[in-house]
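In the numbering used here, the protein residues as written are 56 to 406. Don't be surprised by glycine CBs; every beta carbon is placed ideally from N, CA and C. The structure under discussion appears below in the form of structure tokens.
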């Protein structure tokens with residue numbers, strides 16, 4: 056996630072409290088963890104998974120597969136670097152192996168990877184799930200945003216097991232850290248093509264959670280815009296134990312469906328829904344810090360799914376230490392993936 060200019064004194068302070076030791080007492084996500092995964096098992100349908108219902112798809116979310124991809128993606132991924140190329144190739148190869156039609160969309164300064172799984176009833180209408188795959192210099196970027204890329208790949212794997220009326224698009228964006236350049240290029244081209252994107256889900260850091268009191272910081276002034284949400288966080292003793300959803304009013308249905316599945320998975324959420332006027336306001340630039348904003352610019356329904364970055368994680372952009380896999384909560388991420396799978400499947404409409 057890129058650091059934005061903060062307006063109206065919306066200044067966040069990174070939280071200094073660490074998470075518990077990695078994998079020690081990690082709560083159950085409510086989703087299966089199949090244990091070690093064969094490094095060669097890029098794709099395929101897991102035994103017992105049912106792609107004919109949303110509940111069956113949710114049962115297929117695999118925490119171990121997500122973690123394996125998280126480990127693989129983590130590492131410095133500045134554009135043009137060797138690992139940046141490796142992760143770009145991973146996105147393309149994985150989506151191809153899952154049956155997506157894949158394009159490497161080259162634009163002026165970078166490369167997006169975009170996979171399409173065509174719907175069988177309303178194929179022109181698209182539901183998009185995405186994450187950026189670049190990182191800041193000299194930072195392994197486990198949370199920012201290897202967690203999002205691994206989440207997008209696991210979402211693609213699970214959703215590929217169903218058949219839908221609408222088309223599913225899964226994308227890995229380039230150059231988010233340089234100003235959302237990859238997603239801006241894609242969204243602008245999509246609008247020029249009159250592409251029908253009905254909802255765009257953007258994973259932006261989904262791996263960091265703490266249940267300790269005082270681990271979630273808030274901006275001065277946020278209570279004026281979202282008083283109920285701020286009050287709820289304070290009432291929970293400012294614990295950084297929820298996933299934040301930032302969406303526009305066009306994405307109301309996507310936000311609602313995510314909330315339904317999150318509740319079923321015992322995943323706490325804080326939802327901030329902006330009006331059409333608010334999402335373009337200079338005073339709210341803090342809420343346009345990731346690739347969802349590229350779709351807002353083109354008047355597409357979009358929402359960001361994130362753990363609040365430096366507002367919770369002290370190692371955001373490696374500011375206080377390495378952004379490492381060992382600090383992340385994989386059960387939490389699996390819950391987030393599950394809620395996204397459910398919401399996306401609802402909007403895609405299973406056949």
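Check: C-beta atoms of residue 394 and residue 324 nearer than 9 Å; Outcome: yes
Check: Neighbour-count burial assignment, residue 316, 16 or more Cβ in a 10 Å radius; Outcome: buried
Check: Beta-bridge partners of residue 392, as assigned by DSSP; Outcome: Bridge partners of residue 392: none, in fact.
Check: Sequence-distant residues of the same chain with beta carbon closer than 7 Å to residue 213, five excluded per side; Outcome: 112, 115, 116, 396
Check: Range covered by the alpha helix (DSSP H) that runs through residue 202; Outcome: 202-214
Check: Rounded C-alpha distance that separates residue 123 from residue 298; Outcome: 22 Å
Check: Alpha-carbon to alpha-carbon, residue 223 and residue 97; Outcome: Its pLDDT being 41, under 50, residue 97 is placed unreliably by the model, and the measurement read from it follows with that caveat. The straight-line gap from Cα to Cα measures roughly 19 Å.
Check: Straight-line Cα distance separating residue 152 from residue 379; Outcome: 28 Å
Check: Residue 156 in three-state terms, based on DSSP; Outcome: strand
Check: Where the alpha helix (DSSP H) containing residue 372 begins and where it ends; Outcome: No alpha helix (DSSP H) contains residue 372, which DSSP labels as neither H nor E.
Check: 8 Å contact criterion, which residue 205 and residue 128 should meet: CB distance rounded; Outcome: 6 Å
Check: The region 236-244 touching the region 283-291, judged by at least three CB pairs closer than 8 Å; Outcome: no
Check: Residue ranges of each alpha helix (DSSP H) within the region 239-271, 4 or longer; Outcome: none
Check: Exposure label - residue 321; buried when at least 16 CB within 10 Å; Outcome: exposed
Check: Identified DSSP bridge partners for residue 167; Outcome: 160
Check: Three-state class that DSSP yields for residue 121 in the structure shown; Outcome: helix
Check: Rounded Cβ spacing between residue 366 and residue 247 (contact assumed at less than 8 Å); Outcome: Contact doesn't hold; Cβ gap of about 35 Å is too wide.
Check: Alpha-carbon to alpha-carbon, residue 190 and residue 199; Outcome: 7 Å
Check: Contact test: residue 376 Cβ vs the ligand MN heavy atom, cutoff 8 Å; Outcome: The ligand MN is not among the ligands present in this structure, which contains no ligands whatsoever.
Check: CB-CB length for residue 263 against residue 382, believed under 8 Å; Outcome: 7 Å
Check: Sequence-distant residues of the same chain with beta carbon closer than 8 Å to residue 268, five excluded per side; Outcome: 292, 293, 294
Check: C-beta contact flag for residue 121 and residue 184 at 9 Å; Outcome: no
Check: Contacts around residue 285, its chain only, beta-carbon distance under 7 Å, and the 5 residues preceding and following it disregarded; Outcome: 273, 277, 278
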